[in-house]
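Colleague: Just so you know, we're using the numbering used here here: the sequence shown kicks off at 805 and counts up by one.
Can you keep this structure in mind? I'll have questions shortly.
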Amino acid sequence: MLQIGDQAPAFTLFSSDKKEVKLEDFQGQNVVLLFFPMAFTSVCTTELCNMRDDIAFYQGLNAQILGVSVDSPFTLAKFKEDQNLNFHLLSDFNKGVSTAYEALYQDFVFGMKGVSKRAAFVIDGNGTIQYAEVLENAGEMPNFANVKAALAALN
C-alpha cells in the first residue's frame, strides 16, 4: 500500500466535464483524492455530499477535492449535476489510477469486477502523500477527521 512520504502516482483522467485533469495541474495546492465505488449509491452519495457541504473548510486549507470512480464521464456528469457537487469527478473507466493507488476491488457485489475501493489520500503541493486510507468495506467512510488533520498540518 502507498505510504505517507511516498510520491503520489501521476495521472491524467477525464472529468465529468469531459476535460483532461492531471494531478500535476494542482502543483502547489493540496489535494484530497477520494476514490469511491459507484455514483448514485447511498454511501458514495453521502460521502461526496459531505465533502460538498464542507468545501469551504477544504478551500481554506488550499485543498482541491478530486473524486475518482470507474464510472463513465457521462454517468459522473449526471451524478455531479443531481447532487450539485462543487468539485471535479474523474472517470477511471480503464482502472489504471485505482490500480496505481491500490484502491481497486477485483471482485465487487453482483459479480462486478474492477470497482474502485473507497479510499482517501491527502497529497501535498509537491505531490507527496501525507495521508493514505484504503478501506476494504465499501460501506465504511474514510476518517475525515484524519483527512482534515493531515491538511491542517500542511498549513
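Yeah, the Cβ is synthetic: ideal placement off N, Cα and C, and Gly gets one too.
(1) I need the boundaries of the beta strand (DSSP E) containing L870, first residue and last residue.
(2) Across the region 865-877 and the region 889-902, are there enough close Cβ pairs to call them in contact, namely three or more that are closer than 8 angstroms?
(3) Out of N834, Q887 and F839, which has the shortest C-alpha to C-alpha gap to K952?
(4) When you compare each of P946, M945, F925 and N941 to N808 by their alpha carbons, which one comes out closest?
(5) Contact check, V938 vs S902 under 8 angstroms by CB: the rounded distance?
(6) Residues in the same chain with beta-carbon distance under 7 angstroms from F897, minus the five sequence neighbours each way, listed in chain order, please.
(7) Assign A957 to buried or exposed, taking buried as 16 or more other Cβ atoms, counted over all protein chains shown, within 10 Å of its Cβ.
(8) Out of curiosity, what's the CA-to-CA distance linking M916 and A907?
(9) Please classify Q833: does DSSP put it in a helix, a strand, or coil?
(10) Take T849 as the anchor and find which of N950, A949 and E944 has the nearest alpha-carbon.
(11) Measure from the alpha carbon of A812 to the alpha carbon of each residue in N941, G929 and A881, then state which is nearest.
(12) Run through DSSP, which three-state label would Y905 get?
Modeller: Concretely, from the data shown:
(1) A867 to S873
(2) yes
(3) N834
(4) Here the sequence assigns Ile to residue 808, which means Asn is not the residue at that position. Checking every option, the nearest Cα to that of I808 belongs to F925.
(5) Their Cβ separation, rounded to whole angstroms, is 10 angstroms, which puts V938 and S902 out of contact at 8 angstroms.
(6) V874 and S876
(7) exposed
(8) 15 angstroms
(9) coil
(10) E944
(11) G929
(12) coil
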